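Undergrad: Residue numbers (the working numbering): -19 to 239. Even for Gly, the Cβ is constructed at its ideal location relative to N, Cα and C. This one's a predicted model, so the numbers in the text were calculated from it and none came from an experiment.
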């Protein structure tokens, strides 16, 4: 499959240098609208660095990052989020001292219809808007089976529930592109199986394009349309799960020996 006019994300020969070290070298990839794409590679391959380029944490040293045809390289993370890209993190980043409901509502607020003045003056439009946000937040929490925990502090949730809450909060920003950074990290096999079904369902229900970093090969092979493989900051393979599974370069990168 090749990039089309429907390409939502297009990375063109992107590199990132830290001092004299090249963390990424001439990386080019694309995600067409509606695709679910995996990004894999050994530890230190540059996967999280690439995610950070896509979400504004880092600026490309060279090359371009295009979202819906617009250059987002160097844009602040909050602006990229407004443009339609949301992410989760390898190390969960929730507002621990806020409730489950509040964590989701804070993401919905960037789409609030009431103005600063209606908020300041507490006009009827403010209360109507707040109720709409509350209803949307509770509906989303119900999807993720977290609605009964809505008043719990986020820091008190189990690891698996914190992961689900982080994905729910990302979806509350109403993205076109969802970037999941190792969502199965720390999960047991049953939780990972549930996550696989959840990711498939999210893609269809929310009409999303998804880029997934993951070390769990069963999850990646079971859910992705195509997979990109990074090694030492360079792309070494791209193809369907079947193609990647038998690719000699991929086997060598993971096993440290020639296939």
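Give the single residue among 9, 39, -1, 30 whose Cα lies nearest to the Cα of residue 160.
TA: Residue 30 is the option with its Cα nearest to residue 160.
Undergrad: Work out the CA separation of residue 145 and residue -6 for me, nearest whole Å.
TA: Approximately 32 Å, taken between the alpha carbons.
Undergrad: Measuring straight from C-alpha to C-alpha, what distance separates residue 62 and residue 154?
TA: Roughly 9 Å separates the two Cα atoms.
Undergrad: Is there contact here, the stretch 204 to 220 with the stretch 4 to 15, by at least three beta-carbon pairs under 8 Å?
TA: Flag = yes, the stretch 204 to 220 and the stretch 4 to 15 touch.
Undergrad: So what's residue 206 in DSSP terms, helix, strand or just coil?
TA: Three-state DSSP puts residue 206 in a strand.
Undergrad: Given this structure, state the Cα-to-Cα distance separating residue 227 from residue 216, to the nearest angstrom.
TA: The straight-line gap from Cα to Cα measures roughly 10 Å.
Undergrad: Say whether the stretch 123 to 143 touches the stretch 68 to 85, bearing in mind that this needs 3 or more beta-carbon pairs closer than 8 Å, one atom from each stretch.
TA: Flag = yes, the stretch 123 to 143 and the stretch 68 to 85 touch.
Undergrad: Give the C-beta separation of residue 11 and residue 34 to the nearest angstrom, bearing in mind that I take them to be a contact with Cβ-Cβ under 8 Å.
TA: In fact, because the Cβ distance is near 10 Å, the residues do not count as touching under 8 Å.
Undergrad: Which residues in the same chain have their Cβ closer than 7 Å to the Cβ of residue 97, if we skip the five residues on either side of it in sequence?
TA: Legend: pLDDT at residue 97 = 47, less than 50; position of this residue unreliable, no value from coordinates given.
Undergrad: In the DSSP assignment, what are the bridge partners of residue 17?
TA: Answer is 191, 206, bridged to residue 17.
Undergrad: In terms of residue numbering, what span does the alpha helix (DSSP H) encompassing residue 79 cover?
TA: No alpha helix (DSSP H) holds residue 79; DSSP gives it neither H nor E.
Undergrad: Name the residue from 234, 230, 186 whose alpha carbon lies nearest to the alpha carbon of residue 16.
TA: Here the closest residue by C-alpha is 186.
Undergrad: To which residues of the same chain is residue 55 closer than 8 Å at the C-beta, ignoring the five residues directly before and after it?
TA: Closer than 8 Å at Cβ, skipping near neighbours: 36, 63.
Undergrad: Where DSSP assigns a beta bridge to residue 219, which residues make up the other side?
TA: 207.
Undergrad: What does DSSP give as the partner residue(s) for residue 234 in the beta ladder?
TA: DSSP, once it has assigned bridges, lists no residue as partnering residue 234.
Undergrad: Exposed or buried, which one is residue 194 when buried takes at least 16 other CB atoms within 10 Å?
TA: Classification of residue 194: buried, given that the 10 Å Cβ count is 16 or more.
Undergrad: From residue 192 to residue 127, what does the alpha carbon distance come to, in whole angstroms?
TA: For residue 192 and residue 127, the distance between alpha carbons rounds to 26 Å.
Undergrad: Just tell me which of 168, 116, 115 has its CA closest to the CA of residue 141.
TA: Cα-wise, what sits closest to residue 141 is 168.
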